[in-house]
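Accompanying notes for the structure given below.
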Amino acid sequence: MLNLPPTFWIDPIFHQSNNRLVAFKKLALWYNSVEKFEVKTFNTIARTIQNNYEYILNYFDNRSTNASAESFNAKVKALRSQFRGVRDISFFLFRLQKIYA
56 MLNLPPTFWI DPIFHQSNNR LVAFKKLALW YNSVEKFEVK TFNTIARTIQ NNYEYILNYF
116 DNRSTNASAE SFNAKVKALR SQFRGVRDIS FFLFRLQKIY A
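Numbering (our numbering), first residue to last: 56 to 156.
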């Protein structure tokens, strides 16, 4: 496992920040340390965070995520793969309702 210095740990930002402004500052410091350290494996995630920081910081408004929606989407995708080739859409929706409702 990759042993990273504490400056690369992103968990504390989410667990220890009380509001959006504090989290923004910590996220900016995290980004700067990753950029300065020049670790190629972190370039993608750092760029993603830079491009989506406003959406990421929305978490700190009420500390909720879309994890339940993502989980449901994964379940629907798994069910669709089981019913590949089924042409009756109403049957598929019926099964979806019975299994996940």
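By construction, the Cβ of each residue, glycine as well, lies at the ideal position given by its N, Cα and C atoms.
For R75, name the three-state secondary structure that DSSP assigns. If you number the sequence shown from 1, residue 75 lands on position 20. Residue state, collapsed to three classes: helix.
Of the choices N106, N87, L151, N117, whose alpha-carbon is the least far from that of N128? For the purposes of this step, residue 128 is taken as the residue at position 73 of the sequence shown. The shortest C-alpha separation from N128 is found at L151.
Three-state class that DSSP yields for A124 in the structure shown: Residue numbering aside, residue 124 sits at position 69 when the sequence shown is read from its first letter. Note: A124 maps to helix in three-state DSSP.
Decide if L82 is buried, meaning its Cβ has at least 16 other Cβ atoms within 10 Å, or exposed. Numbered from 1 along the sequence shown, position 27 holds the residue referred to as residue 82. Burial is judged here by how many other beta carbons sit within 10 angstroms of a residue's own beta carbon; L82 has at least 16 and is buried.
Which listed residue (N74, N87, L76, N73) has its alpha carbon closest to that of W64: What you label residue 64 is simply residue 9 of the sequence shown in a count that begins at 1. Looking at the Cα atoms, N87 is the closest of the given residues.
Could you pull out every residue in the same chain whose Cβ sits closer than 6 Å to the Cβ of M56, ignoring the five residues on either side in sequence? Here residue 56 refers to the residue found at position 1 when the sequence shown is read from its first residue. Bear in mind that the predicted position of M56 carries a pLDDT of just 41, short of 50, making it too unreliable to give a figure here.
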